[in-house]
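**Student:** Let me give you the structure first, and then I'll get to my questions.
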Amino acid sequence: MARDSWAYRDVAVESVIDPRSGQLQIRPMAGQAFAPSLPVHCSRRLTDLARYRAGTRFLLSAKLTDRLGGPQFLYAYHGDPVIVLSTAEAKLFLAAFRRGRI
20 MARDSWAYRD
30 VAVESVIDPR
40 SGQLQIRPMA
50 GQAFAPSLPV
60 HCSRRLTDLA
70 RYRAGTRFLL
80 SAKLTDRLGG
90 PQFLYAYHGD
100 PVIVLSTAEA
110 KLFLAAFRRG
120 RI
């Protein structure tokens with residue numbers, strides 16, 4: 020079943036090296052509504068080591084979806100602007116998220 024197409028929300032993500040493949044991947048940061056193991060489908064620019072090093076944090080507008088009943092993942096439109104978060108900005112974003120939870 021497909022998800023609501025207008026359910027985009029801000030999600031803090033970071034680039035990590037996958038130990039199995041050695042490839043750079045984007046994953047949600049811990050402390051949000053999404054598990055850090057949840058895959059993120061976004062622009063390949065974020066995984067370009069010539070632009071951003073491993074461990075770089077980004078702010079994405081993403082939605083939780085699945086593809087025709089397959090496994091869930093976060094989807095962020097590839098044409099959205101890239102917002103890089105500093106360590107302090109990421110901590111501030113996560114702290115605001117925790118305060119806003121019910």
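Numbering (the working numbering), first residue to last: 20 to 121. We treat Cβ as the ideally placed atom computed from N, Cα and C, and that holds for glycine.
1. Of all the options Cys61, Leu111, Gly89, Gln91, which has the alpha carbon lying nearest to the alpha carbon of Val101?
2. Whole angstroms are fine: how far does the CA of Gly89 sit from the CA of Val103?
3. Please classify Gln42 as buried or exposed, where buried requires at least 16 other C-beta atoms within 10 Å of its C-beta.
4. Taking the alpha-carbon of Ala52 as reference, which of Gly74, Tyr96, Arg28 has the nearest alpha-carbon?
5. Is there at least one non-hydrogen atom of the ligand FMN closer than 7 Å to the beta-carbon of Thr66?
**Tutor:** Well, looking at it:
1. In the sequence shown, counting from the first residue as 1, residue 101 sits at position 82. Nearest C-alpha to Val101: Cys61.
2. In the sequence shown, the residue the question calls residue 103 occupies position 84. In the sequence shown, the residue the question calls residue 89 occupies position 70. Computed Cα separation, rounded: 30 Å.
3. By one-based count along the sequence shown, residue 42 stands at place 23. That one is exposed.
4. Against the sequence shown, residue 52 aligns to sequence position 33. If you compare the alpha carbons of Gly74, Tyr96, Arg28 with that of Ala52, the shortest gap goes to Arg28.
5. The ligand FMN is not among the ligands present in this structure, which contains no ligands whatsoever.
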